[in-house]
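**Q** Take this structure first; my questions come after.
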Amino acid sequence: MKISVSDKSPQMIRPWANKKAFTLIELLIVMTIVGILASIAVPNYRWGIIKAKEAVLREDLYNLRTTIDNFYADQGKYPDTLQELVDKKYLRDLPKDPFTNDKETWKVVPPPAGGEGEEIKGSVYDVHSGSDLIGTNGISYNEW
């Protein structure tokens, strides 16, 4: 008895044909698509982190400057240090600079010199970030 190729079932010719699996080409295509999506998403994620830190910096500077003004209105002088704002309960705690991640790096600006016979007391007139990085608006964070 002679067996022809047509007598054999497809299972006998290709025993792996019924198995549910991905081919190497399918896996490579999926990995390529995932890589392309990741290369698009990562820069957007980093940009979002920078914008969030800038928003926190703006809010912290606004709060610190408002607190310094309130201190001056109440005390008739500017604070000698930022810590004095905490000691006299104007702030619960000094915020961390979001770009240096430290409370001690705030740059303090002294009050401008007074006119003839006018003495300005205190050492903290304004505050800036201690970071030398450039913001998304092109201005250094320590000039905000």
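Counting along the sequence shown from 1, when you hit position 98 you're at 186 in our numbering, and nothing is skipped either side. Beta carbons are placed, not taken as given, at the ideal position from N, Cα and C, and that holds for glycine.
#1: Can you tell me whether asparagine 158 is buried or exposed, with buried defined as 16 or more other CB within 10 angstroms of its CB?
#2: Serine 219: buried (16+ other C-beta within 10 angstroms of its C-beta) or exposed?
#3: Nearest by alpha-carbon distance to isoleucine 208: which of Ile138, Lys141, Tyr160 is it?
#4: If I measure Cβ to Cβ from aspartate 148 and keep anything under 6 Å in the same chain, skipping five residues before and after, which residues do I get?
#5: Could you check what DSSP says for aspartate 162 in three-state terms: helix, strand or coil?
#6: Am I right that valine 215 and leucine 152 are in contact with their C-beta atoms under 8 Å? What's the rounded C-beta distance?
#7: Roughly how many angstroms lie between the CA atoms of isoleucine 156 and alanine 129, to the nearest whole one?
#8: For valine 196, which beta-bridge partners are listed by DSSP?
#9: Identify the residues that DSSP records as bridge partners of aspartate 185: which are they?
#10: Please state the DSSP three-state secondary structure of isoleucine 222.
#11: Looking only at C-alpha atoms, which of Val212, Phe187, Pro131 sits nearest to alanine 201?
#12: Please classify tyrosine 229: is it buried, with 16 or more other beta-carbons within 10 angstroms of its beta-carbon, or exposed?
#13: Do glutamate 142 and glycine 223 have their beta-carbon atoms positioned less than 9 Å apart in this structure?
**A** Quick look at the numbers:
#1: One-based indexing of the sequence shown puts residue 158 at position 70. With fewer than 16 Cβ atoms within 10 Å of its Cβ, asparagine 158 is classed as exposed.
#2: Here the question's residue 219 lines up with position 131 in the sequence shown. Buried, because 16 or more other Cβ atoms sit within 10 Å of the Cβ of serine 219.
#3: In the sequence shown, the residue the question calls residue 208 occupies position 120. Nearest option by C-alpha distance: Tyr160.
#4: As a working mapping, residue 148 is identified with position 60 in the sequence shown. Counting only Cβ-Cβ distances below 6 Å, and skipping sequence neighbours, we find Pro183.
#5: In the sequence shown, the residue the question calls residue 162 occupies position 74. DSSP places aspartate 162 in helix when its eight states are reduced to three.
#6: Position 127 of the sequence shown, counting from 1, holds the residue named residue 215. Position 64 of the sequence shown, counting from 1, holds the residue named residue 152. Sure, about 5 Å apart at Cβ, within 8 Å.
#7: In the sequence shown, counting from the first residue as 1, residue 156 sits at position 68. In the sequence shown, counting from the first residue as 1, residue 129 sits at position 41. When rounded, the distance between both Cα atoms is 41 Å.
#8: The residue given as residue 196 occupies position 108 in the sequence shown. Note: valine 196 sits in a beta bridge opposite Val215.
#9: For the purposes of this step, residue 185 is taken as the residue at position 97 of the sequence shown. The partner list for aspartate 185 (beta bridge, DSSP) reads Asp190.
#10: For the purposes of this step, residue 222 is taken as residue 134 along the sequence shown, with counting starting at 1. In this structure, isoleucine 222 counts as strand in the three-state DSSP scheme.
#11: Counted from its first residue, the sequence shown places residue 201 at position 113. The candidate whose alpha carbon is nearest that of alanine 201 is Val212.
#12: Working through the sequence shown from its first residue, we reach residue 229 at position 141. Buried: at least 16 other Cβ atoms inside 10 Å.
#13: Within the sequence shown, residue 223 is the residue found at index 135, counting from 1. Within the sequence shown, residue 142 is the residue found at index 54, counting from 1. Taking 9 Å as the Cβ cut-off, glycine 223 and glutamate 142 qualify as a contacting pair.
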